[in-house]
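Below is one structure, written out as structure tokens; the observations come after it.
Number of protein chains: 2
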Amino acid sequence: MDELKKRILTDGRVLNSHVLKVDSFLNHQIDMGLMDRMGRAFFDHFKECGATKVLTVETSGIAVVCSLARYFHVPAVFARKTPSLTTVDDQYAAEIFSFTKQRAFTIMVNRRFLTPDDRVLLVDDFLAKGQALLGLINIVHQSGADPVGAGIVIEKAFQDGGSLVRDAGIEVYSLARIASFENGKVLFS
Amino acid sequence: MDELKKRILTDGRVLNSHVLKVDSFLNHQIDMGLMDRMGRAFFDHFKECGATKVLTVETSGIAVVCSLARYFHVPAVFARKTPSLTTVDDQYAAEIFSFTKQRAFTIMVNRRFLTPDDRVLLVDDFLAKGQALLGLINIVHQSGADPVGAGIVIEKAFQDGGSLVRDAGIEVYSLARIASFENGKVLFS
């Protein structure tokens, strides 16, 4: 998506060889015009997938999933993230490891919000090592629902998350795929 | 807002004399149609306030602030919440106590996203004891910006947060004000 790539180049800040900050328009301050156009781009790509739910994990995915839900006219669901595994009978849960925060989290979705009849489109702001997305896929499988694809705002194509998710048979559609950060500059795939 | 009140009566679950769960349409699964109509209701009320930013705190406020930002055509900002006070020079920070979680949090907003020229409309999903909202107001004051009002989805009018915020000179507009929970039923003000 050209508008997103341009925005990354103008407003993104490359902190080191792995970290891109996009907090001025994506995940701390949010440009809702851009967010809506991204929702539209995801819808244009996935509109035949028959999604009955769109699912993300808190926090940064919430604005994205809301924009997508508006186009699909289906409920948005976000998984809750807790610092430690708490067994709660009425929740689907999966453990994930955050490399950014260097700790494990449990992500949870209430059983009432995913059923075997659901077709679930996954979304997130970033895809790097794939832990969050694989955790969401795990939860969708537990519920008996079908994961019908994954929409990602920014994929770090130099990390293995995209391959792991695609190898699991899930289509991944990323609006911007980053090949590398070189000398503080973003190079797209 | 009649649609919201009806939805609370049909889909809300009163767990005890203080807790109302609205996770099927507001803060875990989200009904985006309702969310947009709530954004519109806030806009209709506050449209003359001259807001240049809309501000909330993660997590449950994010969907609300996004809907509002769409009507005002201004950036949405959400404060980040961390478990402990970490002094970071480039952030405005305030400490708040969560009665739901029985622990203190630090909420933070990057200094780049609030300036003395900003007029900031605050939003959140719930107002009970007012800790989150008072923390946000503290942060807005630190930045030199003006807090121009607070839009709340559900105010528990039997707790003192609404009075504390109004006594601080901030207009609070709540789409549903709950007087009490009696025998598992919601009574509106």
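Respectively, the protein sequence lines represent chains A and B.
Each residue of the first sequence is one higher than the last, beginning at 0 in numbering that gives the first Met the number 0.
Each residue of the second sequence is one higher than the last, beginning at 0 in numbering that gives the first Met the number 0.
Glycine included, every Cβ here is placed at the ideal spot set by N, Cα and C.
Return the Cβ separation of residue i and residue j in integer angstroms, given the expectation that the two are a contact with Cβ distance under 8 Å.
{"i": "residue 126 of chain A", "j": "residue 100 of chain A", "result": "Not confirmed; about 16 Å, so no contact."}
{"i": "residue 57 of chain A", "j": "residue 58 of chain B", "result": "5 Å"}
{"i": "residue 108 of chain B", "j": "residue 90 of chain B", "result": "7 Å"}
{"i": "residue 27 of chain A", "j": "residue 77 of chain B", "result": "7 Å"}
{"i": "residue 60 of chain A", "j": "residue 147 of chain A", "result": "That pair is no contact at about 17 Å."}
{"i": "residue 175 of chain A", "j": "residue 4 of chain A", "result": "5 Å"}
{"i": "residue 93 of chain B", "j": "residue 134 of chain B", "result": "4 Å"}
{"i": "residue 158 of chain A", "j": "residue 128 of chain A", "result": "5 Å"}
For the beta strand (DSSP E) containing residue i, list its first residue and its last residue.
{"i": "residue 124 of chain B", "result": "118-126"}
{"i": "residue 3 of chain B", "result": "Here residue 3 of chain B belongs to no beta strand (DSSP E); instead the alpha helix (DSSP H) covers 1-10."}
{"i": "residue 101 of chain B", "result": "Element bounds for residue 101 of chain B: n/a, residue is neither H nor E."}
{"i": "residue 176 of chain B", "result": "171-181"}
{"i": "residue 24 of chain A", "result": "Looking at the DSSP string, residue 24 of chain A is not in any beta strand (DSSP E), and its letter there is neither H nor E."}
{"i": "residue 41 of chain A", "result": "Counting along the chain, residue 41 of chain A falls outside any beta strand (DSSP E), though it belongs to the alpha helix (DSSP H) covering 31-45."}
{"i": "residue 97 of chain A", "result": "90-97"}
{"i": "residue 18 of chain A", "result": "First-last for residue 18 of chain A: undefined, no H or E at that position."}
{"i": "residue 186 of chain B", "result": "184-187"}
Would you give the residue range spanned by the alpha helix (DSSP H) that residue i belongs to?
{"i": "residue 191 of chain B", "result": "It is not possible to answer for residue 191 of chain B, since the shown part of chain B is limited to 0 through 188."}
{"i": "residue 76 of chain A", "result": "Per DSSP, residue 76 of chain A belongs to no alpha helix (DSSP H); it is in the beta strand (DSSP E), 75-81."}
{"i": "residue 148 of chain B", "result": "That residue, residue 148 of chain B, is in no alpha helix (DSSP H); its beta strand (DSSP E) goes 145-155."}
{"i": "residue 130 of chain B", "result": "130-142"}
{"i": "residue 56 of chain A", "result": "Residue 56 of chain A -> not in any alpha helix (DSSP H); beta strand (DSSP E) instead, spanning 52-56."}
{"i": "residue 163 of chain B", "result": "160-166"}
Item checked: Cβ contact check for the stretch 150-159 of chain A and the stretch 118-128 of chain A: 3 or more pairs under 8 Å -> At 8 Å Cβ cutoff, the stretches touch.
Next item on the list: Check whether the stretch 31-38 of chain A touches the stretch 47-54 of chain A, taking contact to mean three or more Cβ pairs, one atom from each stretch, closer than 8 Å.
Entry: No: the two stretches stay apart, fewer than three of their Cβ pairs being nearer than 8 Å.
Checklist line | Selection of the stretch 106-127 of chain A by Cβ proximity to chain B, strictly under 9 Å | finding: Flagged, chain order: 108, 109, 111 and 112.
Next item on the list: Determine, using beta-carbon pairs with one atom in the stretch 3-21 of chain A and one in the stretch 74-82 of chain A, whether at least three such pairs fall under 8 Å.
Entry: Counting Cβ pairs under 8 Å, fewer than three are found: no touch.
Notebook entry, point to check: Any chance the stretch 33-47 of chain A sits against the stretch 62-77 of chain A, with 3 or more Cβ pairs inside 8 Å?
Noted result: Verdict: yes, contact present.
Notebook entry, point to check: Quick check: the stretch 169-188 of chain A against the stretch 158-169 of chain B, are there 3 or more CB pairs under 8 Å?
Noted result: Contact between the stretch 169-188 of chain A and the stretch 158-169 of chain B is not established, with fewer than three Cβ pairs separated by less than 8 Å.
Margin query: Along the stretch 49-60 of chain A, where does the CB come closer than 7 Å to a CB of chain B? Name the residues.
Written below: Those residues of the stretch 49-60 of chain A that come within reach of chain B (Cβ to Cβ, closer than 7 Å) are 57 and 58.
Notebook entry, point to check: Any residues in the stretch 138-158 of chain B with a beta carbon nearer than 9 Å to a beta carbon of chain A? Which ones, in chain order?
Noted result: The stretch 138-158 of chain B vs chain A, Cβ under 9 Å: nothing.
Note to self: Against chain B, which members of the stretch 27-49 of chain A pass a CB distance test of less than 9 Å?
What the structure shows: Those would be 27, 28, 29, 30, 31, 32, 34 and 35, in chain order.
Note to self: Taking beta-carbon pairs under 9 Å, can you tell me which members of the stretch 12-25 of chain B lie near chain A?
What the structure shows: Legend: CB atoms of the stretch 12-25 of chain B lying less than 9 Å from CB atoms of chain A belong to residues 22, 23 and 24.
Checklist line | Contact residues within the stretch 70-81 of chain B, judged by C-beta distance below 8 Å to chain A | finding: If you check each beta-carbon in the stretch 70-81 of chain B against every beta-carbon of chain A, the ones closer than 8 Å belong to 72, 74, 75, 76, 77 and 79.
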